[in-house]
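Protein chains in written order, with the working numbering: chain A, 1 to 203; chain B, 1001 to 1203; chain C, 2001 to 2203; chain D, 3001 to 3203.
All residues carry an ideal CB built from backbone N, CA and C; glycine is no exception.
Protein chains: 4
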Amino acid sequence: MQRLLAAGRTVFEAQGFHNARVDDIVKAAKTSHGTFYLYFSNKEDLFKALALDAAAEMESLAASLGPITPDDDGREAIREWVTQFVDIYEAHGSVIRAQTEWEFNDRDLGKRAHSTLVHISSALAARIHEVRPLDDHGLAEGLACLSMLERFNYFRQAHQVEVSREDAIDTLTRAVFEGFFVPDRRVAGRRVAARPRRVRKAG
Amino acid sequence: MQRLLAAGRTVFEAQGFHNARVDDIVKAAKTSHGTFYLYFSNKEDLFKALALDAAAEMESLAASLGPITPDDDGREAIREWVTQFVDIYEAHGSVIRAQTEWEFNDRDLGKRAHSTLVHISSALAARIHEVRPLDDHGLAEGLACLSMLERFNYFRQAHQVEVSREDAIDTLTRAVFEGFFVPDRRVAGRRVAARPRRVRKAG
Amino acid sequence: MQRLLAAGRTVFEAQGFHNARVDDIVKAAKTSHGTFYLYFSNKEDLFKALALDAAAEMESLAASLGPITPDDDGREAIREWVTQFVDIYEAHGSVIRAQTEWEFNDRDLGKRAHSTLVHISSALAARIHEVRPLDDHGLAEGLACLSMLERFNYFRQAHQVEVSREDAIDTLTRAVFEGFFVPDRRVAGRRVAARPRRVRKAG
Amino acid sequence: MQRLLAAGRTVFEAQGFHNARVDDIVKAAKTSHGTFYLYFSNKEDLFKALALDAAAEMESLAASLGPITPDDDGREAIREWVTQFVDIYEAHGSVIRAQTEWEFNDRDLGKRAHSTLVHISSALAARIHEVRPLDDHGLAEGLACLSMLERFNYFRQAHQVEVSREDAIDTLTRAVFEGFFVPDRRVAGRRVAARPRRVRKAG
DNA sequence: TATGAATGAGATTTCATTCAT
DNA sequence: AATGAATGAAATCTCATTCAT
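Structure (structure tokens):
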């Protein structure tokens, strides 16, 4: 039922997963316990429905990232993509935050979160690889980039660190573009070399 | 009691804050409920003791970051600092992760987490400002950098995304250095300009 | 719920407040712990509900005491009033007894008990004053009278000192009437004077 | 140990039996749990030691009540006896009050309290019988008298109903003397007859 | 004698879930 | 479909008592 999903979103936002009582959700939805269990088999089930939504939206980001060139066009593409991220997080952050709390305990949800994570990270890594060929820690690069995006937005919401949407987008755009999509270069007349990459032994 | 603190760390690591039972901790410490409540007034109290430790270690990072120059020396300094971060997270990550789960519900802990966050972010922002003068979203830059570090390490631990310590350090070092400590530059023969900064209205 | 109130009365009667377990009450009411906490927020809460009932009944006695004359009519009026007291105590004694145990620890309940006490004592004192003008220890006279009534009935119930209802009423009637409602008089040909009352210094 | 007994008295006075923690007593006595159990086998045991003291003092009252004549001498004798009662209660009231709370649950203590009660009541009844021959509810008369004395003093202590020692003694003396030790008499020119006594069937 | 850290049985309380209506 | 009173398993917490030192 729609009212229950909406109520769930509100309550999980306000209280987190563990502190949310079925009673709170039911009251917020102005319905009864009985009805709750008519539509969801338990508290977790409602939560998962919300989390799936959020995950689906996030997954869509993986597809929407086109090739990035290390110039102003690339920067613009990143800006657009980052903007999407910020907006999706603004919409689903409450659920994503609650998920962080919950994923510990639930295999399914943990798996799904993990797969979303890997999925987006891989997409990012693939794009980076087109500009700066990566050896085997490609995934790590993608993950680092995604980590920044996710956590920065988390802090914006959860702790109300005052950063406007505009500034958030500016800052993240620059950091993603310069930090991941620009090849190594000379700085102040000297070659700034990446540290020579060692061949990794299998992990 | 030491055994209880150690047991707490283990159990919170394995189960998160909410799913950890006092009983589990007590069993892990091979002691009794009575003893638990002799030393801590409740589960939260033990957890806070651990969280304070972790926060103190993290705070120490704010002080240990010297000036960064945009050359190989700066890169090396960043590498060292990132290494510290990775190692502290390796030691205290279980608690920091559980804190994420808990900070929702506890004013005190939320405040403390927030202050640690702002403290380190500010230190980072100050260093960045020495290289690339920032206008008023300085804190945002610091926060973006810290977000990447924290969340990346979280994913390494929580989801067991297989990234070796060495690769983690390599990846983060490069991303922090290039993404935050290198001034804007020409790429591929064209000037890559930062987007012109608007003067912000007071926030 | 009615069954819980009844069960509470039974259990407090048998075991006193402190020794009564919520479990006992719940079993006596043939219901569950959950139900108990649905209707009462804790053991104290249920107890207070019972105590309020008892207090209300007792308070009603204050109103039902008309003027007493020092003759057979007065004696009859006292007899009727004492009878009421004995019967109310028979109905609510278990709760009143438990209250004695509890009032130590609870400000609210202590206050209420105190006010019932003072209320009835004052009503008694006022009636006595109509027959034997009292100086300022009027309240003390009322309290003495009430003390006798209460404690006598307590002993009848708690220690099962075998005194029939009839004998209890006879004895108390005489003691209340002769002890409080008959003016000083000559005994055996000599004047039996009350000890001269000193003027009290303000207390 | 003396310090423990004194501490027990203080703590039971302040908190009642059930709310008194062994820890409180031990702290008040500036000693340790171990020492407590060296001298007393449990909390109850310490309490009983105090209660026995109080009971012994109270029992002594039974012996100290000489024959009462229904004249000024009798009144003086009653005044002295009442004075003793008030003073003993002042000294031991805290324990007696706590005993009320506890006697519910302890056979031994209940028995002892009961026997003290019956003992004093009987002594009173015997004296009353010398003046106003009583049929079989003699014990009831003694008990009524004792009830008044005990409960009145209880209220003085527990609820701090402000009655000075002097007023307490005045009031109780008159009530005991007139209420129990003066034969039936004419009032206002008419004979005030006691209700005819029925012969009781055995209870 | 004296100590006080450790114990664990047992009490209270919560809340997701069920089911008769 | 909808209700909400009832449930009881499971968690937290207390405190009288013990025992090694």
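1) Let me see if you follow: with CB-CB separation under 8 Å, is H3119 of chain D close to chain C or not?
2) How about A2062 of chain C: is its C-beta nearer than 8 Å to some C-beta of chain D?
3) Against chain B, with Cβ distances strictly below 8 Å, would A230 of chain A count as a contact?
4) Let me know the secondary structure DSSP gives I3068 of chain D once reduced to three states.
5) Compute the Euclidean distance between the alpha carbons of E1162 of chain B and T3031 of chain D, then round it to the nearest angstrom.
6) What is the DSSP secondary structure of M2148 of chain C, reduced to helix, strand or coil?
7) Less than 8 Å between C-beta atoms, sequence neighbours within five positions excluded: which residues of the same chain meet that for E1101 of chain B?
8) Verify the CB distance criterion: does E3044 of chain D have a CB-CB separation below 8 Å to chain C?
9) Any Cβ of chain A within less than 8 Å of the Cβ of L1124 of chain B?
10) Below 7 Å CB to CB, which residues in the same chain sit around A2952 of chain D once its five sequence neighbours on both sides are set aside?
11) Check the C-beta distance from V176 of chain A over to C145 of chain A and give it rounded, since I have them as a contact under 8 Å.
12) CB-CB under 7 Å to V3011 of chain D, same chain, minus the five flanking residues each way: which ones, in chain order?
13) Please classify P2067 of chain C as buried or exposed, where buried requires at least 16 neighbouring CB atoms within 10 angstroms.
14) Can you check whether the CB of E3150 of chain D is closer than 8 Å to the CB of R2151 of chain C?
15) Tell me where the alpha helix (DSSP H) around H2159 of chain C begins and ends.
16) Using the Cα positions of Y1154 of chain B and A2007 of chain C, report the straight-line distance between them to the nearest angstrom.
17) Closest to Y164 of chain A by C-alpha separation, out of B:A1168, B:D1136 and B:R1174, would be which residue?
18) Consider the Cβ of H3129 of chain D: report whether some Cβ of chain C lies at a distance smaller than 8 Å.
19) With a threshold of 16 other CB atoms inside 10 Å of the CB of D170 of chain A, please say whether the residue is buried or exposed.
20) If distances are taken between C-alpha atoms only, which option among B:L1124, B:M1058, B:R1112 and B:D1053 comes closest to L1139 of chain B?
21) Does any C-beta atom of chain C lie closer than 8 Å to the C-beta of G3008 of chain D?
22) Answer yes or no: does any C-beta atom of chain B fall closer than 8 Å to that of R151 of chain A?
23) Could I get the ranges of all uninterrupted alpha helix (DSSP H) runs contained in the region 1008–1074 of chain B, with 4 residues as the minimum, in chain order?
24) For a contact defined as C-beta to C-beta under 8 Å, what are the partners of T3100 of chain D on chain C?
25) Measuring alpha carbon to alpha carbon, tell me which of B:A1126, B:A1168 and B:E1090 ends up nearest E1013 of chain B.
26) Show which residues of chain D have a CB atom less than 9 Å away from the CB atom of V2011 of chain C.
27) Cβ of I128 of chain A within 8 Å of Cβ of L61 of chain A?
28) Which of the three DSSP states, helix, strand or coil, is assigned to L2004 of chain C?
29) Compare the beta carbon distance of Y1037 of chain B and M1001 of chain B with 8 Å and say whether it is the shorter of the two.
30) How far does the alpha helix (DSSP H) with R1165 of chain B in it reach, from first residue to last?
31) Could you tell me whether the Cβ atoms of R97 of chain A and A158 of chain A are closer together than 8 Å?
32) For K1111 of chain B, count neighbouring C-beta atoms within 10 Å of its own C-beta (all shown protein chains included) and say buried if the count is 16 or more, exposed if not.
33) I want to see whether chain A comes within less than 8 Å of F1155 of chain B, judged by CB atoms only; does it?
34) Assign A54 of chain A to buried or exposed, taking buried as 16 or more other Cβ atoms, counted over all protein chains shown, within 10 Å of its Cβ.
35) Which residues in the same chain as G189 of chain A place their Cβ atom closer than 8 Å to its Cβ, once the five residues preceding and following it in sequence are excluded?
36) Whole angstroms is fine: what's the gap from R3 of chain A's alpha carbon to A49 of chain A's?
This is what the structure gives:
1) no
2) no
3) Here chain A covers residues 1 to 203 and nothing more, so residue 230 of chain A does not appear.
4) coil
5) 58 Å
6) helix
7) G1016, F1017 and H1018
8) no
9) no
10) In the structure as shown, chain D begins at 3001 and stops at 3203. Residue 2952 of chain D is therefore absent and cannot be evaluated.
11) 6 Å
12) A3020, D3024, I3025 and A3028
13) exposed
14) yes
15) Where H2159 of chain C is concerned, there is no enclosing alpha helix (DSSP H), given that its DSSP letter is neither H nor E.
16) 54 Å
17) First, the residue type needs correcting, since residue 164 of chain A is Ser and not Tyr in the sequence shown. If we check each option's Cα against that of S164 of chain A, B:D1136 comes out closest.
18) no
19) buried
20) B:L1124
21) no
22) yes
23) 1022–1028, 1033–1039 and 1043–1063
24) T2100 and E2101
25) B:E1090
26) None at all; the shortest Cβ gap to chain D is about 12 Å.
27) no
28) helix
29) no
30) R1165 to F1180
31) yes
32) exposed
33) yes
34) buried
35) With a pLDDT of only 45 at G189 of chain A, under 50, the local geometry of the prediction cannot be trusted, and the value read off the model is given with reservation. There are no such residues.
36) 13 Å
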